[in-house]
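Asker:
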Amino acid sequence: MATDKKADNKGTTLITTHINADYDSIASLLAAQKLYPGSVVVFPGSSEKNIRNFFISSMVYIFNMVDIKKIDFSTIQTLVLVDTRRKNRIGKLSSLIGRAGVDIHIYDHHPPMAGDIESKHDIYEPTGATVTMLVNIIKEKGLEVSPDEATMMCLGIYEDTGSFTFSSTTEKDFKAAAFLLSKGASLNTISDLTAREINPQQIGILNDMIRSAIHYDVNGVDVVVTT
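Letter 202 of the sequence shown, counting from 1, is numbered 214 in the numbering used here, and no numbers are missing.
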């Protein structure tokens, strides 16, 4: 997934997210890259299989991506974290936290908690997806977004809001998605990539639960209990 590039320039700005990245965090990496020209993107650990395959096959070219093994940590002056502010979720990059000369910038839609990484540049909004916050900044700055970039960012919003069905969804998520659709985001691609399929193991568990289900009538209400 990483390209064969080296982050050897002084004053490198590094953008990363949490281990086991999902579509929202991947989309946020892309959006943050537009806000920090010349920055490099690195994964602190593995990403989910469907995302890994997706990037290998189609969209890795839109990222200035670097293998973490090629990073010279002594060159990092700015570390940008998206979709996380937890030190224990960024793998080896946690060694940069608290290092003299390294500024930390955070963009996250998760509520702040005790033990979070401290930063003077911590952007938090209770949106359904982190990428929503970044898209709104991109829109405010009047930055250009290609159709492929719009599709990737919109995918992050759709996944983290459950296609706008989760209770955490906000008006800003709808508006950000509408902006990305105006930039050419492909709903067909988004629909294909957010489809939920049940694997054989899950089907077996579902069948076991159906077979062990016990029905109770509680004051006229049908209650089903299964294990």
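For each residue, glycine too, the CB sits at the ideal point set by N, CA and C. Being a predicted model, the structure only gives us computed values, none of them experimental.
Would Ile169 pass as a contact of Ala39 if the rule is Cβ separation under 9 angstroms?
Answerer: The residue you call residue 169 lines up with position 157 of the sequence shown. The residue you call residue 39 lines up with position 27 of the sequence shown. It is a contact, given that the beta carbons lie within the stated cut-off.
Asker: Apply the 10 Å Cβ neighbour rule to Val78 and answer buried if 16 or more other Cβ atoms are within range, or exposed otherwise.
Answerer: On the sequence shown, position 66 is the one that residue 78 refers to. By the 10 Å Cβ count, Val78 comes out buried.
Asker: Going by other Cβ atoms of all chains shown within 10 Å of its Cβ, with 16 needed for buried, is Phe55 buried or exposed?
Answerer: For this step, residue 55 is matched to residue 43 along the sequence shown. The residue in question, Phe55, is buried, as its Cβ has 16 or more Cβ neighbours within 10 Å.
Asker: Can you give me the C-alpha to C-alpha distance between Thr28 and Ala189, rounded to a whole angstrom?
Answerer: For the purposes of this step, residue 28 is taken as residue 16 along the sequence shown, with counting starting at 1. For the purposes of this step, residue 189 is taken as residue 177 along the sequence shown, with counting starting at 1. Rounded to the nearest angstrom, the two C-alpha atoms are 23 angstroms apart.
Asker: According to DSSP, simplified to helix, strand and coil, what is Val147?
Answerer: Numbered from its first residue, the sequence shown carries residue 147 at position 135. Looking at Val147 - three-state DSSP - the assignment turns out to be helix.
Asker: Going by C-alpha to C-alpha distance, which of Ser86, Val94, Ile135 sits closest to Ala112?
Answerer: Within the sequence shown, numbered from 1, the residue matching residue 112 stands at position 100. For Ala112, the nearest C-alpha among the options comes from Ser86.
Asker: Please name the residue or residues paired with Ile118 in a DSSP beta bridge.
Answerer: Position 106 of the sequence shown, counting from 1, holds the residue named residue 118. BP columns for Ile118 point to Leu93, Asp134.
Asker: First and last residue of the beta strand (DSSP E) that includes Thr25?
Answerer: For this step, residue 25 is matched to residue 13 along the sequence shown. Run containing Thr25: 24-28, per the beta strand (DSSP E) assignment.
Asker: Using only alpha-carbon positions, find the residue among Leu108, Val52, Ile226, Thr90 that is nearest to Lys82.
Answerer: Position 70 of the sequence shown, counted from the first residue, corresponds to residue 82. The option with the nearest alpha carbon to Lys82 is Val52.
Asker: Which one of Asp160, Ile109, Gly50, His30 has the shortest CA to CA distance from Thr201?
Answerer: Here residue 201 refers to the residue found at position 189 when the sequence shown is read from its first residue. Selected option, being the one with the closest Cα: Asp160.
Asker: What does Asp229 pair with, by DSSP beta-bridge criteria?
Answerer: Within the sequence shown, the letter at position 217 stands for residue 229. Paired residue(s): Asp234.
Asker: Return yes when the C-beta of Lys184 is under 8 angstroms from any heavy atom of the ligand NAD, and no when it is not.
Answerer: The model on display carries no ligand, and the ligand NAD is accordingly not part of it.
Asker: Could you tell me whether the Cβ atoms of Thr182 and Thr139 are closer together than 9 angstroms?
Answerer: Along the sequence shown, one-based indexing puts residue 182 at 170. Along the sequence shown, one-based indexing puts residue 139 at 127. Yes, Cβ-Cβ distance for Thr182 and Thr139 is below 9 angstroms.
Asker: In the DSSP assignment, what residue or residues form a beta bridge with Met77?
Answerer: In the sequence shown, residue 77 corresponds to position 65, counting from 1. Paired residues: Val53.
Asker: Closer than 7 angstroms by C-beta to Ala141: which residues in its own chain qualify, once you throw out the five before and the five after it? Chain order, please.
Answerer: Counting from one through the sequence shown, the residue named residue 141 turns up at place 129. Cβ neighbours of Ala141 beyond the five flanking positions: Asp36, His121, Gly168, Ile169, Asp172, Thr173, Asp185.
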